[in-house]
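A.B. asks: Pasting a structure here, questions to come.
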Ligand SMILES: Nc1nc2c(c(=O)[nH]1)N[C@H]1C(S)=C(S)[C@@H](COP(=O)(O)O)O[C@H]1N2
Ligand SMILES: [Mo]
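Numbering (our numbering), first residue to last: 3 to 560.
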């Protein structure tokens, strides 16, 4: 084709190019539609090629993931909490869809822009590539070549848009028509508002670019998934070792089996999930390693999965919980964790807890995706069952919960204790290092607060007068629950029956038989832990170190 860039500015061009063979008459609307379409095709080509380029780097470096994860890093806490609450675990899907929709809108705009200014349109595509590249490089776990997929994708996308816009170059429709994009001369015999452009050339180019892109994208995502398949195979191959010392099963009576009450053990599929990973990391257990180093470490240690598990494991029921949980919320779950005790491993590396004169008070855990979680060394080494967990409820850790290895420390909120996909433990000082969430306005240290929740009846539930089982869970990890009380309409507190205690590290079920009378009633619960502390009525939001207040439900009794 011989169209020049100037020809695309045909609206203002007085040149009269002879009409070449091939181009047909096209409407101005068709041309605009094709223009918008060329933006979409260019965006699609960018993303597809970037996906393929990510094979050479790593799957997380592909632009939508990189932008999404950096959005998560930058989202102000309140908005992040809102998203987590309102989209639940779907929040990440919503984020990715949102990014794609925005991208598509901008692509449409750039396509239209390129109709008039080809270079500006292409420059716009490059600018988006830059955004992807910067996002990728700004992630806490950024690696050298993470910007590459965005850059390569953007260059290809810009070229595609430039070429497509070239096919849409408008030229005078006919020798008598001075301004191809202008209004037709009154009474003129020219087709109204028509411009000519290379319709067939555009369609052929757009279709081939789309087809090649689809191929590149499919190949890229298949190759990117290969690592995950290897990780899945390694997960299928590991079996959860049996503890050397037989761990007793939870005692009878820990589960009251009241309808509507959370089961004592939370099944893995319904266990809450909170993390910043847009794509769940899939780590191959065969190549996984953990390094222990830092302040006060006299013997640095690097250990693989088999070697770690060979040290011997313990089984412990531990209730873990997210600091973002609102009063009455559901970011809490109780599982039987199988893992390797952490304190002996630290001692082997020469670590001494602060109470015995050790120089480091913070254990910084790093995950494969760059999360940092700081835990007090004292808590890890004070005799509680802090562990490197490999199993959850009798199966290898699910990928979403940290396969192959995560930390679990009884008594501390997840963001200061429960690093998933952990790969590095560094001994440091709280005064010298702020972990991921501490940088974002959450407390550096956060023991779980003594709290309780009513599971049944549900708020706005409809009941009939008579005996109603009011039941729920109460927790005070690593202290233990001593008492749970319920009151109706702000009246006197009634002591609930407690389920058998498993360990002080788990939640405890409770039930109170309420002689319900007709009318609308408000039920409230409070717990007392074994230190004698009575749960406070004072309301506090989750930030900076956990919500407080009484959980209440309002019900109608017929
Ligand atoms: N690598 C990594 N580990 C992480 C997080 C994370 O975002 N990344 N989130 C933490 C938080 S805030 C909580 S509450 C727990 C949740 O563990 P779960 O998803 O297995 O329930 O994981 C912790 N470990
Ligand atoms: Mo959390």
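Virtual Cβ for every residue (Gly too), placed ideally from N, Cα, C.
Small disclaimer: the values here were computed from a predicted structure and weren't measured.
1. Our contact map puts residue 341 next to residue 410 with C-beta atoms below 8 Å; I'd like the distance itself, whole angstroms only.
2. Within the continuous alpha helix (DSSP H) that includes residue 94, where are the two ends?
3. In angstroms with no decimal places, state the Cα-to-Cα distance between residue 443 and residue 546.
4. If you measure from each residue's Cβ to the nearest non-hydrogen atom of ligand 2, which ones come out under 7 Å, in chain order?
5. On the three-state DSSP scale, how would you describe residue 336?
6. Taking its Cβ as the centre, do 16 or more other Cβ atoms sit within 10 Å of residue 364, making it buried, or is it exposed?
7. Starting from the C-beta of residue 237, find all residues in its chain whose C-beta is less than 6 Å away, skip the five residues before and the five after it, and write them out in chain order.
8. Would residue 382 and residue 351 qualify as a contact pair, given that the criterion is a beta-carbon distance under 8 Å?
9. Rounded to a whole number of angstroms, what is the C-alpha to C-alpha distance between residue 162 and residue 224?
10. Is it buried or exposed, residue 265, if we count other Cβ atoms within 10 angstroms and call 16 or more buried?
11. In whole angstroms, what separates the C-alpha of residue 26 from that of residue 200?
12. Taking residue 450 as the reference, give the member of 537, 60, 214 with the closest Cα.
13. Is any heavy atom of ligand 1 found at a distance shorter than 7 Å from the C-beta of residue 154?
14. If you draw a straight line from the alpha carbon of residue 402 to that of residue 169, how long is it in whole angstroms?
15. Mark residue 528 as exposed unless 16 or more other C-beta atoms lie within 10 angstroms of its C-beta, in which case mark it buried.
16. Please report the straight-line C-alpha distance between residue 509 and residue 534, rounded to a whole angstrom.
17. Inspect the beta-carbon positions of residue 69 and residue 218 and report whether they are closer than 8 Å.
18. Beta carbon of residue 283, beta carbon of residue 148: below 8 Å?
19. Mark residue 240 as exposed unless 16 or more other C-beta atoms lie within 10 angstroms of its C-beta, in which case mark it buried.
20. Mind the definition here: the stretch 131 to 145 touches the stretch 60 to 76 only if three or more C-beta pairs lie below 8 Å; say whether that holds.
21. What do you reckon, is the C-beta of residue 322 under 7 Å from a heavy atom of ligand 1?
22. By how many angstroms is the C-alpha of residue 106 removed from the C-alpha of residue 182?
23. Compute the Euclidean distance between the alpha carbons of residue 400 and residue 271, then round it to the nearest angstrom.
24. Confirm, please, whether the CB-CB distance from residue 379 to residue 310 is below 8 Å.
25. Which runs of the beta strand (DSSP E) spanning at least 3 residues fall entirely within the stretch 263 to 311, listed in chain order?
26. Is residue 290 near ligand 1, going by C-beta to nearest heavy atom under 7 Å?
27. Quick one: Cα of residue 463 to Cα of residue 525, how far?
28. Going by the C-beta, is residue 423 closer than 7 Å to any heavy atom of ligand 1?
29. With DSSP as the reference, identify every bridge partner of residue 485, one or two as the case may be.
30. If the criterion is Cβ atoms closer than 8 Å, does the pair residue 415 and residue 324 meet it?
31. Considering only residues of the same chain and omitting the five flanking positions on each side of residue 269, which have a CB-CB separation below 8 Å?
32. Tell me whether residue 541 is buried or exposed, calling it buried when 16 or more other Cβ atoms sit within 10 Å of its Cβ.
33. How is residue 419 classed by DSSP in three states: helix, strand or coil?
34. Indicate whether residue 131 and residue 103 have their beta-carbon atoms separated by less than 8 Å.
35. Would you kindly report the start and end of the unbroken alpha helix (DSSP H) that includes residue 222?
36. Please return the same chain residues whose Cβ sits closer than 7 Å to the Cβ of residue 56, not counting the five positions on each side in sequence.
C.D. replies: Reading off the structure:
1. Going by Cβ atoms, the distance from residue 341 to residue 410 rounds to 6 Å, so yes, they are a contact pair.
2. Per DSSP, residue 94 belongs to the alpha helix (DSSP H) from 93 to 118.
3. Residue 443 and residue 546: Cα-Cα distance of roughly 6 Å.
4. Here the residues come out as 276, 324, 325, 326, 333, 415, 416, 417.
5. In this structure, residue 336 counts as strand in the three-state DSSP scheme.
6. With 16 or more Cβ atoms within 10 Å of its Cβ, residue 364 is classed as buried.
7. Only 398, 405 meet the Cβ criterion.
8. Their beta carbons are not under 8 Å apart, which means residue 382 does not touch residue 351 by this criterion.
9. Each residue's Cα considered, the two are about 24 Å apart.
10. Residue 265 is exposed by the Cβ-count criterion.
11. Model confidence at residue 26 stands at a pLDDT of 46, short of 50, so the residue's coordinates are unreliable; what they give is reported in the following sentence. When only Cα atoms are considered, residue 26 and residue 200 end up about 6 Å apart.
12. The shortest Cα separation from residue 450 among 537, 60, 214 belongs to 537.
13. No; taking the cut-off as 7 Å, the Cβ of residue 154 has no heavy atom of ligand 1 nearer than that.
14. If you take the alpha carbons of residue 402 and residue 169, they lie about 47 Å apart.
15. The residue is buried, with at least 16 neighbouring Cβ atoms inside 10 Å.
16. In this structure, the CA atom of residue 509 is about 17 Å from the CA atom of residue 534.
17. Remark: C-beta atoms of residue 69 and residue 218 do not approach each other more closely than 8 Å.
18. Result no, Cβ atoms of residue 283 and residue 148 do not sit closer than 8 Å.
19. Label assigned to residue 240: buried.
20. Flag = yes, the stretch 131 to 145 and the stretch 60 to 76 touch.
21. Placement of the Cβ of residue 322 at a distance of less than 7 Å from at least one heavy atom of ligand 1 is found.
22. Any reading at residue 182 must be qualified, since the residue scores a pLDDT of 41, below 50, and its modelled position is unreliable; the value itself is stated next. In this structure, the straight-line span from the alpha carbon of residue 182 to that of residue 106 is close to 29 Å.
23. Distance between the alpha carbons of residue 400 and residue 271 is about 9 Å.
24. No, they are not a contact pair.
25. For the stretch 263 to 311, whole beta strand (DSSP E) runs of length 3 or above, ordered along the chain, are 291 to 296, 303 to 306.
26. Answer for residue 290: no, Cβ out of range of ligand 1.
27. If I take the Cα positions, the gap works out to 12 Å.
28. Indeed, a heavy atom of ligand 1 lies less than 7 Å from the Cβ.
29. Looking at the DSSP output, residue 485 bridges to 530.
30. In this structure, residue 324 lies closer than 8 Å to residue 415 by Cβ.
31. So the qualifying residues of the chain are 395.
32. By the 10 Å Cβ count, residue 541 comes out exposed.
33. Residue state, collapsed to three classes: coil.
34. The answer is no: Cβ separation not under 8 Å.
35. 201 to 239 is the extent of the alpha helix (DSSP H) around residue 222.
36. Only 63, 64, 151, 222, 226 meet the Cβ criterion.
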